[in-house]
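Peer 1: Mapping to the numbering used here: the sequence shown position 423 is 424, numbers consecutive.
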Amino acid sequence: MSGQRNRKQRHGIRLAGLGSAAGAVLTFGLGPVGSAPAQADPFDWIVDLFDPAGWSWLNVENPTDLDLADWSGWLSRLGVPADPDALLPAAADATPSLAQLFDTWIYTPIHDAGQDWLATPSGIAISAWINDTFANGHLLIGNGADGIDGGTYEQAMGGVGGLLFGDGGDGGTSMDGLAGNGGNAGFFGNGGDGGDGGDGGDGNSGGDGGLGGVFLGTGGDGGDGGDGGIGGHGGNGGDAVSWLFGNGGAGGRGGDAWTSDGWAAGTWVRAGGDGGDTTALLGDGGPGGRGGNGPDGEGTGYGGHGGEGGAGGWGGGSWFGVAGRGGDGGDGGKGRNGGATSEDGGNGGRGGPGGDMGYGLLPSSSAGAGGRGGDGGDGNGAGHTAGLGGSGGQGGTAYSRGTGGDGGNGGAGGNGINGASGSPGGIGGTGGQGSLGSGAGGNGGHGGADGGGIGGAGGIGAPAAAESELWGAGGGGGGGVGHLGGTGGAGGNGGASGSGYGGRGGTGGTGGTGVGIGSTGGDGGNGGAGGEGLRRGVGGNGGNGGNGGTGVDGGTGGTGGTGGSGGRASSSGAGWDRPTGGRGGDGGNGGTSPAGGTGSRGGDGGAGGPADPATDSGGGAVGGTGGHGGDGGSPGPNGDGHGGVGGKGSVNGDGPRAGDGGDGGFDGTPGTPGAPG
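1) For Glu309, does the count of other Cβ atoms within 10 angstroms reach 16, so buried, or fall short, so exposed?
2) Check this for me: beta carbons of Gly415 and Gly375, under 8 Å apart or not?
3) Tell me whether His139 sits in a helix, a strand or coil according to DSSP, three-state version.
4) Cβ of Gly287 less than 8 Å from any chain C Cβ?
5) What does a CB cutoff of less than 6 Å around Trp244 pick up in its chain, not counting 5 residues either side in sequence?
6) For His112, count neighbouring Cβ atoms within 10 angstroms of its own Cβ and tell me buried if that reaches 16, exposed if not.
7) For Gly230, name the three-state secondary structure that DSSP assigns.
8) Given 8 Å as the limit, is there contact between the region 202 to 221 and the region 235 to 250, that is, 3 or more CB pairs closer than that?
9) Does the distance from the C-beta atom of Gly628 to that of Gly647 stay below 8 Å?
10) In this structure, how does DSSP classify Thr219 when only helix, strand and coil are distinguished?
11) Give the DSSP-derived three-state secondary structure of Gly124 in the structure shown.
12) Tell me, please, which residues DSSP counts as bridged to Ser367.
13) For Gly411 and Gly432, I'd like the C-alpha separation in whole angstroms.
14) Quick check on Leu119: does DSSP put it in helix, strand or coil?
15) Does Leu102 pass the burial test, meaning 16 or more other C-beta atoms within 10 Å, or should it be called exposed?
16) Report the residue from Trp106, Gly630 and Thr593 whose alpha carbon sits nearest the alpha carbon of Thr563.
17) Hey, quick one: how far does the alpha helix (DSSP H) through Gln101 stretch, first residue to last?
18) Determine the contact status of Gly409 and Gly382, defining contact as a CB-CB distance below 8 Å.
19) Cα separation between Ala1 and Gly347?
20) If you compare alpha carbons, which of Asp200, Leu165 and Gly199 is closest to Gly187?
21) Once the 5 residues before and after Trp118 are set aside, which same chain residues still bring their CB inside 6 Å of it?
22) Look up Ala129 in the DSSP assignment and say whether it is helix, strand or coil.
23) Roughly how many angstroms lie between the CA atoms of Gly607 and Thr581, to the nearest whole one?
24) Decide if His306 is buried, meaning its Cβ has at least 16 other Cβ atoms within 10 Å, or exposed.
25) In chain order, what residues of the same chain have a beta carbon less than 8 Å from the beta carbon of Tyr154, not counting five sequence neighbours either side?
26) Quick one: Cα of Thr279 to Cα of Ala570, how far?
27) CB Gly311 to CB Gly252, shorter than 8 Å?
28) Return the CA-CA distance between Gly273 and Thr626, expressed in angstroms with no decimal places.
29) For Asp379, which residues of its own chain have a beta-carbon under 6 Å away from its beta-carbon, when the five flanking residues on both sides are left out?
30) Gly390: buried (16+ other C-beta within 10 angstroms of its C-beta) or exposed?
31) If I'm right that His234 touches Arg271 with Cβ under 8 Å, what's the distance once you round it to whole angstroms?
32) Helix, strand or coil, according to DSSP, for His643 in the structure here?
33) In whole angstroms, give me the CA-to-CA distance for Asp194 and Gly589.
34) Using alpha carbons as the reference points, say which of Thr593, Gly603, Gly549 and Gly544 lies closest to Arg584.
35) Using a threshold of 8 Å, state whether the C-beta atoms of Gly201 and Gly229 are closer than that.
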């Protein structure tokens, strides 16, 4: 292993420990200025100031780059691209946090300018003089030395950055495969990245990132774990311990496990590193690292389970600062395939949880999102099972009038091969709670193919806090894909809301398509129920049912899923507050069977949500509308699909309306209209 697989180029030129040995450098570029011409005009020096050809002290290779008529040269010297749009934070993030904006427009330009100055002759000379004169053998200005690859463990450690200014050194990898930690920064600077763990054995863990500066600076990234028997743990991202600004470093990736014969059942690969926390007035937590991938089985060996994603870092802030965004959780590692002869597939790793949002006088955008679950590995042979998709990570919690993080999506279930059963997809992660709004639940992963896999259920949208005006939506279910047509996953329920609108229920997954002759399409998943809207609330709409899968060559189409019920609405205010029940979700369409089969029934529409009146007289409350029934499947010689029954209108309120019946299939029976409330 090279020891620095994926290291960022944090330092264009590393100038470490400038001390007395650099004394000779003081003479460089500091010789006496040439004598002025005897007859020089006393104001010629003013004219020379505007002549780029005379600016040799700037150490510019091509003085024409500093033409006053063309600012592109000036911008390039400052590290600014010719196209200013390239610097827009929206290019990287549609909703950048305040910390991201501060980093892009203020911190990074100042930090990089200081690093560039350290590499100039004048920077070398001045920093060496300061260190020799005032540091008493220590480093005041300069970057810490990078760790040495191939040496001892102590030599692999990154050096500490200058007390006043400078970055910590990056960690290296020792001859024994041990990763060094990144060096810490002092007052102003970034922590060094941790070294990568060496390959071999069980796989060595990555080094931790160094701490950012105590006033300004970001934590270093954790190193990647080494590949090996169970893979090395990813290094943790460095914390930002800054007072003013600093982001936590990213966690390192967990190492992959090598292919193994007879891999023990239930063995998991090591996880990715956690993202760094931040305590700054302005800063975001670092993202967690991805979990390692499991090994492929050989012979009769099990496929290994993927490692868990690292947790996102905690967003910084204080009651007098800006609440930082929590880091996103790392993705789970992929479960690997069973042995070539026969065996079960490995399960996908669980996504890491999103980091919580920090406290602060001013809100940030959101807490961290949960990581995606890893995909399950393929199973091989009759009687064996593919690996389950990993569950999505939970979204982080938001404080200070913020929005909870979204739950991570579930991983896809593994496929069945040579008679093995496919497996369900992973469950979507729960959305995080927030005071201004809760995160959406993650979508369920798709079921595995070739064995009748079941789609994973959608995640549940988290309830919002007591004074929230917004809501979390349930995640959609994943569709199964299998030999007999997998069943679509159920949609997740929407989250309840404290004082505003209930969350929308998740959409049920589409049933899987049949594959073999006479196979049946999978049933669509049911839509999730809408969340409750409490005082002056609006109930969430129910999720739509999933469509039934397609039957093949005489098979039957899958039944459409039932729409989710609308959420209840309540009110604690005056009669004008008019709470409104949520609309029921539409039923899914029945599956088709185009070649000699039978079309299936459409799903029933969901019932409308009730609305509790604001006063005893019941005035102002509006019940929810029932959902439409699904369309019946298209005709086949053995029968047509029936339309689903429309959802029932709500009982409470002054204006409920029954849902319409779904249309029947071609030449089929029309669906029945829903009953009034």
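Just so it is clear, CB atoms sit at the ideal spot from N, CA and C, and this is done for glycine as well.
For clarity, every value in this text was computed on a predicted model and none was experimentally measured.
Peer 2: Quick answer:
1) Buried, since its Cβ has 16 or more Cβ neighbours within 10 Å.
2) no
3) Taken through DSSP and simplified to helix, strand or coil, His139 comes out as coil.
4) This model lacks chain C altogether; it includes just one protein chain.
5) Phe216
6) buried
7) coil
8) With the cut-off at 8 Å, the region 202 to 221 and the region 235 to 250 touch.
9) yes
10) Three-state result, Thr219: coil.
11) Gly124: helix per DSSP, three-state reduction.
12) Thr404
13) 13 Å
14) The answer is helix: DSSP assigns Leu119 an H, G or I state.
15) exposed
16) Gly630
17) Leu99 to Phe103
18) no
19) Since the displayed the chain opens at 2 and closes at 678, residue 1 lies outside it and no answer follows.
20) Leu165
21) Correct list, in chain order: Gly124.
22) helix
23) 16 Å
24) buried
25) Ser175, Asp177, Leu179 and Gly181
26) 40 Å
27) Going by C-beta atoms, Gly311 is nearer than 8 Å to Gly252.
28) 47 Å
29) Asn338, Gly346, Ala387, Gly415, Asn416 and Ile418.
30) buried
31) 4 Å
32) coil
33) 51 Å
34) Gly544
35) Cβ atoms of Gly201 and Gly229: closer than 8 Å.
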